[in-house]
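Chains as they are written, first to last, in my numbering: chain H, 4 to 184; chain F, 4 to 184; chain W, 231 to 579; chain X, 231 to 579; chain B, 1461 to 1711; chain P, 1461 to 1711; chain E, 118 to 184; chain G, 118 to 184.
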Ligand SMILES: Cc1ncc(C[n+]2csc(CCOP(=O)(O)OP(=O)(O)O)c2C)c(N)n1
Ligand SMILES: Cc1ncc(C[n+]2csc(CCOP(=O)(O)OP(=O)(O)O)c2C)c(N)n1
Ligand code: SF4
Ligand code: SF4
Ligand code: SF4
Ligand code: SF4
Ligand code: SF4
Ligand code: SF4
Ligand SMILES: [Mg+2]
Ligand SMILES: [Mg+2]
């Protein structure tokens, strides 16, 4: 269709910041005047220790915010990869955190990016930056926004008390982008 | 119509046994294989100290058990007379307890029987027999049943502990019947 | 008791329940159904296995029913309109868990606190909404004291047969009135009780529950329940016809109201108006098919009920535009007289 | 706040309520609406006249709303399906007493405990039954986070205008999702508060009540309320049309589902199928008239909703047999995909 | 010249009370009316009427009233009072209303120390619905739902509301009185006055439990009911102040 | 040779628990499982699961279970037990379930002395719904609905359930314990055993309140939660036996 | 000197005032009012001290006391 | 002689057993299990007395004790 219609699933362990990653993409989309929706998986299934969220970014009004046929998967851990690669559409974009996912994706119908996100985050001194690394990689790989647009959205999703960490987050984004060839 | 269709309102003070009077007529009707329904006025309006019940006796299946267009009124006190004579149909039967109702009925479109029910009951030594006197009078005046049919029903409505009083009740019925010319 | 006796509708339900093997009752007082718990208190508290418990509230009562029904005991509760509203959460759970029980609603004038006079304005609540989510009650609408008894017995059988709550929807008049009634102890079938929670001796766990975190799994389950509802709709529709064969006009009316309509129809027939009565006995499942068939034959259909217009929607859905559907209703505790209904019938012509 | 922000639907309702002058909230936690009380707790507990109170239960919460509404304060409560069931008695009282308030139901999968995923299976409860007796809620069905906010503000106005409770019927998805939203403080009209119970200084008694022992008196009162409902039906029906003008097929769908349908319609149009969407915004009053008019033009109508078939009854009543009415529903927390709906559209042809 | 020294309170209407002959409700109504007059509260009072025989309380007073669903008067009162802290709000509740269906509401209103006053009519029975067992019905007492007498084995023992509520930190004032004789009536008025003052001074939740009669459903004359109440209820429901945080000085 | 001396109870299933890491629910489950095994109750037990994090308790036990609507477990248990007096019926309830929405049900079940055992998990918060204030939330404790800390002025003070229920004649046994360390766990097992015995001996209503943790919604590590619970909850909710009618010899 | 006035139409003949009067000055009359009750009557009003105890016990506001 | 066995896939790395062991024999490992938790590991099993306290504190039935 050529038109913008990103149906993104971001998934990982509870502590990996997948919701924030999704929010960052959403804010970036909003400030770029795209239609966008974000929705977390919610409720007691969270207890299991996994988390995921759906982000839809589109030129058209967003239909369902719930992504049942994703064309982007950002998988930060192995259970997430294994669960969601099964429903990835042909021609999709798959980014996986190869630092802790020791298997290769089975899915191979589009663009697959192996991203050592946790390693890059650890190099920056904070494993919690994994999500930012992934965000940078996604924006670079998809070309939906510029990296600058993404960076501009960062202050809107990080709570005030952590604003001192913004530069570090930006660095992580840039490293993530750089990791995508 | 010629067919049996008694739409009776029995009304009086709380203690005058109007519900029992209605029940007695109902049982008599049941044992005479008539269609019959009995329904009391119920709920907190009782608190006011008045009570009434509706009895429908008919050859046809009873439609509404609630009598809005009565053709029989048995009024044991003045408020009841004044309230219900207003809705009595033409050609109805009105029996009122002249012992304590010191006014004449305004209604005069059918058969009016002035019955000194409380006096007769007092003569029998128990003002609580007022209702039985009225029952006898009604059956006599309407001719719907025989007095014997009415008397046969008495044991079915009087609770076991008071069965010793059955003869007295019968006497009251007979006096009531006798009072109707 | 197989002779004819005079009994209040409320009491007839009580005795019928006992005859149907229901020895467990939980309820909370409310007019105009209070004679039912009073009757059961007198009877059950004298029976060895009889359980009569006045709960602290309607909410507690329906949940006690939920508990007892899960153990496979025949169990009943009763209330009237506001009390039934409080029970809707529990009823939704019971329907979702597919538990058999009988719930009596002696409907009174509403909305709000309203009054205690006869009404049918809980029809929607009984047949459609009430609690949350997709579910149905089997709703039986008696029109006489005899039927209060008979449908109570039938209700327990249907409940067990389909593992579904059954509602007996009466009204203040049916509850309070006495009529001659004959009470016969029914045969009670043996139902499959594999599923009950009565101690897992010699078997694995049985579970009463209605939570299904996975929507797909729950949807499948709801479809199973709806497959059951389909069977109920096919097999259990009950209604009565009165002078319908040659009718130009069909009145649909149920419960106490249908009796008045019947009298009015007699009066109308005398005036030469060919009018008949179709009385739904099950208001869910509603006699949609037969009404639809009559809609091919009659000139007009009229719904008569004690509400501002609730059952009439089901009548309209059944008639589906084939002929005009008129409505006559009294509400908030008012019963129409047969002459009033007659006047409405005359307007149809 | 007049810039665009990303907000959850639940939070947007909260902020909109405050902007609409509602500083009083009573509720009880339940998923998937908990962000709403959490938001209001953060905001109201910092405002001088802000009242945020977590009640002991949904029953208590709705009765607190009843109390506060009677004093003329804008007041809100929110819950999700099982909690709304518990509130039905109170809602019936509020409607009967003609009190303005806003009740939010973020519907989840039912019946019973069910799950916390998006559903629309409380449609009957919201629009017909629920509580006992004859009454109606004005029910607004938003389809986006923006509408969650806008309809909350509208809801307070309608509630005050008509002295009637208003329900905002969302679902788990609308409650949990974030979308860009613009929040503008609305003008708030002055409403007549002659009737409120705020101390009888300089006047006689005001009374909030719904008991009318005399059925005739109550019937008159209910007729007054229904006269009001008639005005609401005439003036307040709201809906949105999408590609209906030339449509051969009309889909009726509301809330979150309508968005999916819209996408499907775009897909169908590309395949040359002339299909349009009519989206009820007020599900009560239902856009019966406009659907009836389309029924004269289109070949078929289809209802698409998240239930086993609830709104479809209102669609059928509107179409009244003129053309076939099809139904497609997913339930118990399942959302259909746009391709699924597309397939159903293709079946219409 | 003789002067009128006793008459019905000014804030009460001319309407004859609907209660049965000798029913305690009327006595308590008059006391409430007198206090509203004496404390000059009429203009800022909102009464909350229960479902129970007291449902029509608003017929007899000329100040504002809100009728509450059965048992929910404390929640309704909370809803009235919270956004309108300057109103004077009392509930008037029976034992079925308060101690059965409304248990959660009374406990939590007390626990939150809502600034309301609860007038609790304990007549050991459900009056309005025709005499069913109440949570406060005495052991052995016959009612339509305990036809062979309340059996503590299956129906529990009567609940002592003041004692239970006094365990909650939020209860500022709780007292039990009776209206079985003029002395009791005078004590009841004093207790209610104290409870009203607690609210006027914004000190939190106050409740006065009033042992009362229901001649109709007890099946006794009004005069006998007074005796029965005093002989049977007072021993099980001891009179007295159960909680007074204004004294503890910490309220 | 080493022998297996400690393993999960026989009546528990293989299913991994869905609770958050370190959540007390799992500890209490195991204790319940051990007692059901030791007291040989499996074949006649019906557990009643609440709405709350414990809602899926039945996943972990292989005996019968009924899941109850939020707060109504005591009513459901009453419904199960009354017509089946030989069953062993316990409820498992959180503090929101038992002390908020279910207040009326627990009080009346206790007052009627229903022959059931209530296992009451007091973790001072609504776990399942994501951390709202519970009736037992401590003063000053931050939750999503008391974001600035529980304010006793407007939200009331925490309710002490054992103390309140002990005022009711029907409560046969009431004890408060904690599972914050192995000693607490052992005491909890003892308390529950006693409570189970009360029921087995048909002596009426027993409740064990177990001070517990919710690391997730308290926003602490599991280990820190244990400390917080012991340091903050135990002082406000003193441990001990609040009622033991088997001792009073009159039960 | 004092006396009471009983509102006959409002009095329900419950007798509570009868038991309340320390001087036993009140009894129920024999006349029925329109509701069927026997209203209270004061005997020997000259003995009345206007203590208002009868009024305090009357549930129906039927008594006025003069003093 | 005694020792414990930790079920790695069931352990959630909560650390309660760590605090429970009177001899501080348990710590959380560095390996992640498939759920992303670091399961507990016993060091110096030779010091284990099989007191079962670790098991008693484990909310997930992850510990078997042998003695
Ligand atoms: C939800 C609900 N349940 C039940 C009723 C019926 N009802 C009306 S009053 C009442 C109890 C009255 O007893 P009590 O509270 O003791 O007041 P009393 O009449 O004795 O003064 C009941 C159960 C109702 N109206 N609403
Ligand atoms: C009627 C109803 N109201 C509210 C809810 C939502 N809800 C689910 S669990 C819960 C409270 C859980 O807290 P608690 O009882 O303390 O148990 P915990 O999760 O802390 O163990 C609530 C309010 C519901 N499911 N049903
Ligand atoms: S029924 Fe009882 S409480 Fe009600 S008015 Fe009569 S005597 Fe009073
Ligand atoms: S949310 Fe709290 S109570 Fe619930 S499982 Fe997690 S830690 Fe336990
Ligand atoms: S005022 Fe006193 S003395 Fe006079 S009648 Fe009344 S009670 Fe007796
Ligand atoms: S107390 Fe009042 S109502 Fe009763 S008898 Fe005396 S005057 Fe009459
Ligand atoms: S059994 Fe005892 S000694 Fe051994 S590891 Fe466990 S707690 Fe430590
Ligand atoms: S207590 Fe259990 S779950 Fe927690 S770390 Fe130890 S073994 Fe693992
Ligand atoms: Mg009472
Ligand atoms: Mg909790």
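Even for Gly, the Cβ is constructed at its ideal location relative to N, Cα and C.
The model shown is predicted, which means the values in this text are computed figures rather than measured ones.
Which bits of chain W does residue i rub up against, with CB to CB less than 8 Å?
{"i": "residue 1767(P)", "result": "Beyond the ends of chain P as shown, which are 1461 and 1711, falls residue 1767(P); an answer cannot be given."}
If the cut is a Cβ gap below 8 Å, which residues of chain B does residue i touch?
{"i": "residue 349(W)", "result": "Chain B residues near residue 349(W): none, gap ~18 Å exceeds 8 Å."}
{"i": "residue 1623(P)", "result": "1627"}
Cβ closer than 9 Å: which chain B residues qualify as neighbours of residue i?
{"i": "residue 1564(P)", "result": "1531, 1560, 1561, 1562, 1563, 1564, 1565 and 1567"}
{"i": "residue 229(X)", "result": "Because chain X is modelled from 231 through 579, residue 229(X) falls outside the range shown and cannot be assessed."}
What does DSSP give as the partner residues of residue i in its beta bridges?
{"i": "residue 209(X)", "result": "Outside the shown range of chain X, which is 231 to 579, sits residue 209(X), and nothing can be said about it."}
{"i": "residue 532(W)", "result": "481(W) and 556(W)"}
{"i": "residue 344(X)", "result": "441(W)"}
{"i": "residue 41(F)", "result": "58(F) and 408(W)"}
Residues of chain P with CB under 7 Å from residue i, in chain order?
{"i": "residue 181(G)", "result": "1464, 1466 and 1467"}
{"i": "residue 1616(B)", "result": "1571, 1572, 1573 and 1630"}
So which residues of chain E does residue i contact, with C-beta pairs closer than 7 Å?
{"i": "residue 82(F)", "result": "151"}
{"i": "residue 1714(B)", "result": "Shown here, chain B extends from 1461 to 1711; a query on residue 1714(B) therefore has no answer."}
By the criterion of Cβ-Cβ separation under 8 Å, what are the contact partners of residue i in chain X?
{"i": "residue 45(H)", "result": "261, 262, 346, 402 and 406"}
Anything in chain G within Cβ reach of residue i, meaning under 9 Å, just list it in chain order.
{"i": "residue 1484(P)", "result": "176"}
Which residues of chain W have a Cβ atom closer than 7 Å to the Cβ of residue i, listed in chain order?
{"i": "residue 71(F)", "result": "567"}
Open item on the list: Short of 7 Å Cβ to Cβ, which residues in the region 353-376 of chain W face chain X?
Closed with: 354, 355, 358, 359, 360, 361, 362, 363, 364 and 365
Open item on the list: Please identify, using Cβ separations under 7 Å, the residues of the region 534-568 of chain W that lie next to chain F, in order along the chain.
Closed with: 565, 567 and 568
Open item on the list: Along the region 125-153 of chain G, where does the CB come closer than 9 Å to a CB of chain H? Name the residues.
Closed with: 129, 149, 151, 152 and 153
- [ ] With a cut-off of 6 Å, give the chain-ordered residues whose Cβ is closer than this to any heavy atom of ligand 4.
- [x] 50(H), 1479(P), 1480(P), 1483(P), 1485(P), 1513(P), 1583(P), 1587(P), 1588(P), 1674(P), 1675(P), 1676(P) and 1677(P)
- [ ] Can you check the region 536-573 of chain X for any alpha helix (DSSP H) of at least 4 residues that lies completely inside it and give the ranges in chain order?
- [x] Taken in chain order, the unbroken stretches of alpha helix (DSSP H) that lie wholly in the region 536-573 of chain X and span 4 residues or more are 541-549.
Open item on the list: Give me the subset of the region 1541-1560 of chain P whose CB atoms are less than 9 Å from a CB atom of chain W, sorted by chain position.
Closed with: 1541, 1542, 1543, 1544, 1546, 1547, 1548 and 1549
Open item on the list: Closer than 8 Å between beta carbons: that is the criterion. Which residues of the region 395-426 of chain W meet it against chain F?
Closed with: 402, 403, 406, 407, 408, 409 and 410
Open item on the list: Against chain B, which members of the region 483-494 of chain W pass a CB distance test of less than 8 Å?
Closed with: none
Open item on the list: Can you pull out the residues from the region 258-284 of chain X whose beta carbon lies closer than 7 Å to at least one beta carbon of chain H?
Closed with: 261 and 262
Open item on the list: Suppose only complete runs of 3+ residues qualify. What are the beta strand (DSSP E) ranges in the region 1617-1662 of chain P, listed by chain order?
Closed with: 1631-1638
- [ ] Taking only beta carbons into account, state which residues of the region 1636-1655 of chain P come closer than 7 Å to chain W, listed in chain order.
- [x] none
Open item on the list: Under 9 Å, CB to CB, which of the residues in the region 440-462 of chain X have a partner in chain P?
Closed with: none
Task: the region 305-332 of chain X: positions lying closer than 8 Å to chain P by Cβ - done: 312
- [ ] May I have a chain-ordered list of the alpha helix (DSSP H) segments no shorter than 4 residues that lie completely inside the region 238-283 of chain X?
- [x] 239-249 and 265-274
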